[in-house]
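Undergrad:
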Amino acid sequence: MMKLSRDVAGPCLAPGGSVIAVGAFDGLHRGHQALLSEVRERAQALGCSPIVVSFEPLPRAYFSKEPLPRLSSVREKLLGFDAAGIEHTLLLRFNQALTAMSAEDFVQRVLIDRLGVREVWVGADFRFGHKRAGDVATLERIGAERGFVAHTMPAVLLEGERVSASRVRALLAAGNFGAAAPLLGRPFVIEGKVEYGNQLGRTLGFPTANIHLRERTTPVHGIFAVRVGLGEGECSWPGVASLGTRPTVNEVAVPVLEVHLFDFDGDLYGQRMAVEFVAKLRDEMKFDGLDALKVQMRHDARSAREILGMNPVLIQA
Numbered sequence: 001m002m003k004l005s006r007d008v009a010g011p012c013l014a015p016g017g018s019v020i021a022v023g024a025f026d027g028l029h030r031g032h033q034a035l036l037s038e039v040r041e042r043a044q045a046l047g048c049s050p051i052v053v054s055f056e057p058l059p060r061a062y063f064s065k066e067p068l069p070r071l072s073s074v075r076e077k078l079l080g081f082d083a084a085g086i087e088h089t090l091l092l093r094f095n096q097a098l099t100a101m102s103a104e105d106f107v108q109r110v111l112i113d114r115l116g117v118r119e120v121w122v123g124a125d126f127r128f129g130h131k132r133a134g135d136v137a138t139l140e141r142i143g144a145e146r147g148f149v150a151h152t153m154p155a156v157l158l159e160g161e162r163v164s165a166s167r168v169r170a171l172l173a174a175g176n177f178g179a180a181a182p183l184l185g186r187p188f189v190i191e192g193k194v195e196y197g198n199q200l201g202r203t204l205g206f207p208t209a210n211i212h213l214r215e216r217t218t219p220v221h222g223i224f225a226v227r228v229g230l231g232e233g234e235c236s237w238p239g240v241a242s243l244g245t246r247p248t249v250n251e252v253a254v255p256v257l258e259v260h261l262f263d264f265d266g267d268l269y270g271q272r273m274a275v276e277f278v279a280k281l282r283d284e285m286k287f288d289g290l291d292a293l294k295v296q297m298r299h300d301a302r303s304a305r306e307i308l309g310m311n312p313v314l315i316q317a
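Numbering (full-length UniProt numbering) for the sequence shown: 1 to 317.
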């Protein structure tokens, strides 16, 4: 089981030394996966601990005036580190104190004192420290002085283009899940705990399981054909989902993910649910009353069933 720490200060977390990956790691796409694999293998070869240093909130989100769409929640990211064989994650609070830390102080206090670094691995465009003054050359210089080695991970290319979180976000925002999946190394999934809603879907003939995203902003909005995994199960149950602000009824400020599972009868409240996005059906829109909304929901359900290989005739017109 991977261990998690949050603070810069404290005893050394790797007395036997460590190989470290540093980055935001939003989405844990194939580029991130290659980096984590390299770190795990190098740590095994050196007989020390594979460790990740990451940040919450994401640095780009901290400095942005607009919410940054995220590919993964904090929980999803940490589970990904664990699955990749990382022994310890230092998830630093990205705040004013951290942004004021010089590049030299970051290396000394975090990499050397806190983590006993022997090797550190980063992307070629990695920047760190106050006003982003530190870069790969800074790591190499300090490493030569203080006894560790800095490595740059080559970019992972797919069809001649670099795999990046921004590229994945753009594909997801366009509803191109088929093109995003190879970059992620898996289908795009949002997971969370099913919570109580206003149960309006039940009165419209489409009961939904609701996942509230809260502070998380996602690049995905609209109506979708989905497959759902319950608990630790695979995403295999077919359904139709809405991710948005419900403009027709009880509009909310923060988007909510509402999922109707086809031919399902059971209580999902309190369960963890993973929602795999298969295809976008349409954008969210405001209808002139509930009758018009019900007609469109039936049409969406028919379309989703057909996309998912089910019998669309089961939904009455």
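Where is the CB? At the ideal position from N, CA and C, for every residue including glycine.
At which residues does the beta strand (DSSP E) containing I223 begin and terminate?
TA: The continuous beta strand (DSSP E) containing I223 extends over residues 222–230.
Undergrad: Is the CB-CB distance between A279 and F206 below 8 Å?
TA: no
Undergrad: Looking at the structure shown, is E145 part of a helix, part of a strand, or coil, going by DSSP?
TA: helix
Undergrad: Which residue from E215, G16, L157, A34 puts its Cα closest to that of L46?
TA: G16
Undergrad: What does the Cβ neighbour count give for C12, buried or exposed, with the cut at 16 atoms within 10 Å?
TA: exposed
Undergrad: Is P238 helix, strand or coil by DSSP?
TA: Three-state DSSP puts P238 in a strand.
Undergrad: Closer than 8 Å by C-beta to D283: which residues in its own chain qualify, once you throw out the five before and the five after it? Chain order, please.
TA: Answer for D283: H221, G222, I223, listed in chain order.
Undergrad: Beta-carbon within less than 6 Å of H260's beta-carbon, same chain only, minus the 5 sequence neighbours each way: which residues are those?
TA: F206, T208, G239, V240
Undergrad: Quick one: what's got a C-beta closer than 7 Å to A165's C-beta in the same chain, skipping five residues either side?
TA: D26, G27, H29, L71
Undergrad: Measure the C-alpha to C-alpha separation of L293 and E258 and round it to an integer number of angstroms.
TA: 15 Å
Undergrad: Classify P67 as helix, strand or coil using the three-state DSSP reduction.
TA: For P67, the secondary structure class from DSSP, reduced to helix, strand or coil, is coil.
Undergrad: Just to confirm my understanding: we take I142, look at its own chain, exclude 5 residues before and 5 after, and list those with CB closer than 6 Å. What are they?
TA: V107
Undergrad: Report the residue from D288, H299, D82, R227 whose alpha carbon sits nearest the alpha carbon of A274.
TA: For the residues D288, H299, D82, R227, the minimum Cα distance to A274 belongs to R227.
Undergrad: Please work out which residues of its chain come closer than 6 Å, Cβ to Cβ, to V39, disregarding the five sequence neighbours upstream and downstream, and give them in chain order.
TA: V19, A21, P50, W121
Undergrad: Is it the case that the Cβ atoms of F188 and A179 are separated by a distance below 8 Å?
TA: Cβ distance not < 8 Å, so F188 and A179 don't count as in contact.
Undergrad: How long is the line joining the alpha carbons of A137 and L213, rounded to whole angstroms?
TA: Taking the straight line from one Cα to the other gives about 39 Å.
Undergrad: By the three-class DSSP mapping on this structure, what secondary structure does P182 have?
TA: helix
Undergrad: I211 by DSSP, collapsed to three states: which one?
TA: I211: strand per DSSP, three-state reduction.
Undergrad: Identify, in the order they occur along the chain, each residue of the same chain with its Cβ nearer than 8 Å to the Cβ of K193, setting aside the five sequence neighbours on each side.
TA: I211, G270, Q271, R272, M273
Undergrad: Please determine, among P59, E306, C48, L171, the residue with the shortest C-alpha to C-alpha distance to G85.
TA: C48
Undergrad: State the CB to CB distance for the pair M2 and E119, rounded to an integer number of angstroms; the pair is presumed to be in contact (CB under 8 Å).
TA: Going by Cβ atoms, the distance from M2 to E119 rounds to 19 Å, so no, they are not a contact pair.
Undergrad: Give the straight-line distance between the Cα atoms of A155 and S242, rounded to the nearest whole angstrom.
TA: CA-to-CA, the gap between A155 and S242 works out to about 35 Å.
Undergrad: Judging by CA-CA distance, which residue of F55, G80, P69 is the nearest neighbour of L92?
TA: F55
Undergrad: What residue range does the alpha helix (DSSP H) around E41 cover?
TA: 30–46
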